[in-house]
Amino acid sequence: MPQPPRPIDAEKAGPFPPDLHDVRHLRLKAGLLLLWALVSFVATYFARDLEFLVVAGWPLGYWIAAQGAVVVFIGIVVAYGWAMNRFERQDAERAASAAAGEADRRHG
Amino acid sequence: MAEPGSFSPAGPERPSSGPAYLWRLHRILALYIVGVVGFLALMTWAEYQGLSRHWIGPIFLFLTVMVYAGIGVYGRTTDPEEYYVAGRRIPPLYNGMAAAADWMSAASFISLSGALYLQGFSGTPEQAGGLAYLLGWTGGFCLVAMLIAPHLRAMGLYTVPEFFHVRFGGRWPRVIAALAAVLCSFTYVVAQIYGVGLIASRLTGVQFEIGIMLGLGGVLLCSFLGGMRAITWTQVAQYVVLLLAFLIPVSWLAYKQLGNPLAPLVYGEQISKIAGLEAQLLDSPAEYQVVQTYLRRAQDYEARLTDVEGALEREREKGRERIRALRAQGADVGLIVSASRDLAALPRDAATARERWTREMRENYERARPLGGLPRHSQAYAGDPHGTPEEQRDYDLTRRNFLALMFCLMVGTAGLPHLLTRYYTSPTVLGARASVAWSLFFIALLYLSAPALAVLVKFEVMQNLVGSSFDQLPNWMAQWARVDSSLLSVEDVNGDGIVQFGEIRLGADLIMLATPELGGLPYVVSGLVAAGGLAAALSTADGLLLTISNAMVRDLYFSDAQRKASPEQRVILTKFTLLAVALSAAFVAALKPSEILPMVSASFSLAASAFVPAMVLGIFWRGTTREGAVAGMLVGLGVTVYYMLSHVFALRALLPPWLLADGLWFGIQPISAGVFGVPAGAVVAIVVSWITRPAPELPRIRSEM
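Rendered as structure tokens:
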């Protein structure tokens, strides 16, 4: 994976603006953050209304806050890691094939 | 808890990556777990053979601390790369474990189940909590994973304030960030050391202050010599202890009550049973008597408060009268002594009397509510959305405070420096993302069981303790009451000789520690739970102390370019700063400033408002300027600190009223002050950045970070 060209001693580097973020990454983050807000803030906001739904012995509002949300959080973090690795692999492959194409042209 | 050497970190001469390294770590971890389990079995056998309880507690305390210290000494280093970021080669699985131990503090281990027991789903309008802690302390990791950790890791830094230096340049962003890091970490570490003192004094029977000093020795042995490298491996060892210490009693209780040790899956059944028991208790005449008695006491205090001087004089006269009467009767000397002690214990002047009686009145009013003031366990939010205006207001306030607290804890997670530096130790950016996922997984193992424990304990109390006779109260209750009467008190208020639910008062910090005794488990499990609480407090205290001393030395002292020192000298200076910080934290903790949870929540609000707006903007918006970041941090922190301090009772009396916040803003409790600080900081940072924006420059594009 591409390591950014930072000096070993970061203290000696001057101020720098962050690099532009890939749009795919931003979309992924936005989507997952939306899901995050839904299970945490929206679901608990309506917890009292969900209380009367009892699923398998659990009052739904309580279950979401005590277990469901935590499971979704884990899902979000894992999905993010998986998707980012995939994006990076794709980028690396594309860069490799582009470099190979470049080399072919030069030899041909 | 096997021999100390059995869990050793990789030395610098070992291969630091590749499958051989990983397998070696796995092997050591497996051996260590076997050692811990074997030790437990041995202790159980010894207890069965008649080993005295006086020995079990100290053995657990001493051996675990020795193991951590052994790892700490083995991992000693003066190499800066090792000292500050553990050589950046901790595999994600182990980094996750270490982060989980770092994260789960005394507040999680000791107080979380207690808070869930006392507050049910959401707490009361005056004190929101309950599941907000659980959601806040897990949900924040989504923010860490997506917005912060990989980006910081990619920059190759050593401390969190360094980010502000590298991103914005100049001296002030870093200095402010370092001061904020010290502020919030210090609040946090005081709470941890308080927890250490609590456990050590219960386990060994020594005084609270000596307990603090004992625990402190353990912390220092781990972090003083080896910095991040030693801390990482002690934290892994501590995670194993604290996980076992939490899961064994929960599984035992679940097995006892439900016949299935997998508590998180099955405790739903008990929730409805508790709802039934609660309904019974609400109808019980004996409980009603208890409530009436507390109400009378509260009204008595209220009457005294209308004329403090006169009431104080009357109380004194009553005391003197009683002593005279006793003397006249020629009563027992003991009685006379205790009567004069009561007289001497009366408040010395009107101001103290007013403060103490106000507190007593409030406490009695609180306990004069049905169910001893505890909300119904599974009901979301107090009050009733369709009830009287009063009930509607309660409902609305509880829900608002619940969401606000959750917000502060989540955002605070993304800003707490001691957690973020953990992800600096991972070898790659990819590793940092995986580390966050592992951390959340290891944390969830415990957090999914915490509400289960609260429910099971509540059922145990309601089913078995309530209705038993006062003569047959178990021993452990008296022992805990002796450590600190605010932790546990049982009083036969209505004088019928039978325990009512309203007569028991359990402190949040007690419930986890007393669970094994409550459930009738062998005493070894009590020792293990205490060792787990100690591990949780020590691991967090280690990480926090390192963060504070690094911030002070690297970011405050050496951020000035004129100070020249070799990297080794810096490390040595950091070590001695750590020592000084640890001692002053112990000093503050010995004053018993407050309960664990409120202190910890306050430091989350501080971290959230100081770091997160400027950090997220700095990472995602190129237009953030140095001036904007500085203004955002200062305003965010300022608003939060101001709102918190203006509700501190002692300060309200000192400062002129026009300086203080005018009551509660939107009814939000001061503990969630970050809910104002974060948006204020973000808005100010954006506006100031926009005003001070430089001329546009050409962008560069790169995939991530």
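First to last, the protein sequences are chains A and Y.
According to the numbering used here, the first sequence is numbered sequentially starting from 644.
According to the numbering used here, the second sequence is numbered sequentially starting from 106.
The C-beta atom is built at its ideal place from N, Cα and C for all residues, glycine as well.
If you're wondering where the values come from, they're calculated on a predicted model, not measured in any experiment.
Fully contained in the stretch 577-616 of chain Y are the following beta strand (DSSP E) runs of length 3 or more, in chain order: 593-595, 609-611.
Per the C-alpha coordinates, the member of Y:Asp597, Y:Thr533, Y:Leu545, Y:Met318 positioned closest to Ala691 (chain Y) is Y:Met318. Residue-level contact check: Glu374 (chain Y) touches chain A, since one or more beta carbons of chain A fall below 9 Å from its beta carbon. Where Thr337 (chain Y) is concerned, the enclosing alpha helix (DSSP H) starts and stops at 313-363. Just measuring C-alpha positions, the residue of Y:Asn599, Y:Ala586, Y:Gly517, Y:Gly600 sitting nearest Gly612 (chain Y) is Y:Ala586. In this chain, the alpha helix (DSSP H) harbouring His523 (chain Y) covers 522-525. DSSP places Ser574 (chain Y) in the strand class (E or B) of the three-state scheme. Residue burial is scored here from C-beta neighbours: Tyr179 (chain Y) has at least 16 other C-beta atoms within 10 angstroms and is therefore classed as buried. By the rule that beta-carbons nearer than 9 Å mark a contact, Ala741 (chain A) does not touch chain Y.
Taking a Cβ-Cβ cut-off of 8 Å, the neighbours of Glu694 (chain A) in chain Y comprise Ser483, Gln484, Ala485, given in sequence order. For Thr518 (chain Y), there are no neighbours in chain A by C-beta distance under 9 Å, as the nearest C-beta there is about 11 Å away. About 7 Å separates the beta carbon of Ala204 (chain Y) from that of Ser540 (chain Y), a gap short enough to meet the 8 Å contact definition.
With respect to Ala707 (chain Y), Ile773 (chain Y) sits apart: the two C-beta atoms are not nearer than 9 Å. Within the same chain, and ignoring the five residues on either side of Phe564 (chain Y) in sequence, the residues whose Cβ sits closer than 8 Å to its Cβ are Gln362, Gln375, Lys378, Ile379, Leu382. Listed along chain A are Thr687, each with a C-beta nearer than 8 Å to that of Phe507 (chain Y).
By alpha-carbon distance to Val265 (chain Y), the top candidate from Y:Ala391, Y:Tyr528, Y:Val324, Y:Arg505 is Y:Tyr528. When DSSP reads this structure, Val697 (chain A) sits in a beta bridge with A:Pro702. For Met515 (chain Y), the closest Cβ of chain A is nearer than 9 Å.
The straight-line gap separating the alpha-carbon atoms of Tyr173 (chain Y) and Ala206 (chain Y) is approximately 13 Å.
Using beta-carbon distances, Ser531 (chain Y) does not count as an interface residue toward chain A, since no partner is under 9 Å. By the criterion of a C-beta distance shorter than 8 Å, Val698 (chain A) is surrounded in its chain by Trp706, once the five residues flanking it on both sides are discounted.
Beta-bridge analysis with DSSP links Ala233 (chain Y) to Y:Gly228.
Interface residue (Cβ-Cβ distance to chain A less than 9 Å): Gly244 (chain Y) is classified as such.
Residue environment for Val792 (chain Y): exposed (fewer than 16 other C-beta atoms within 10 angstroms of its C-beta). In the structure shown, the three-state DSSP call for Asp454 (chain Y) is coil. Distance from the Cα of Ala656 (chain Y) is smallest, within the candidate group Y:Val141, Y:Gly228, Y:Leu284, for Y:Leu284. Under the Cβ distance rule, Gly744 (chain A) does not count among the residues neighbouring chain Y, no pair being separated by less than 9 Å. At least one CB of chain A lies nearer than 9 Å to the CB of Met511 (chain Y). With distances taken between CA atoms, Val753 (chain Y) lies nearest to Y:Pro703 out of Y:Pro703, Y:Met251, Y:Asp660. A distance below 9 Å separates the beta carbons of Ala237 (chain Y) and Leu510 (chain Y). According to the DSSP assignment, Thr503 (chain Y) belongs to the alpha helix (DSSP H) that extends over 494-518.
Counting of Cβ neighbours within 10 angstroms places Arg504 (chain Y) among the buried residues, the total reaching 16 or more. By alpha-carbon distance to Pro230 (chain Y), the top candidate from Y:Pro579, Y:His523, Y:Gln497 is Y:Gln497.
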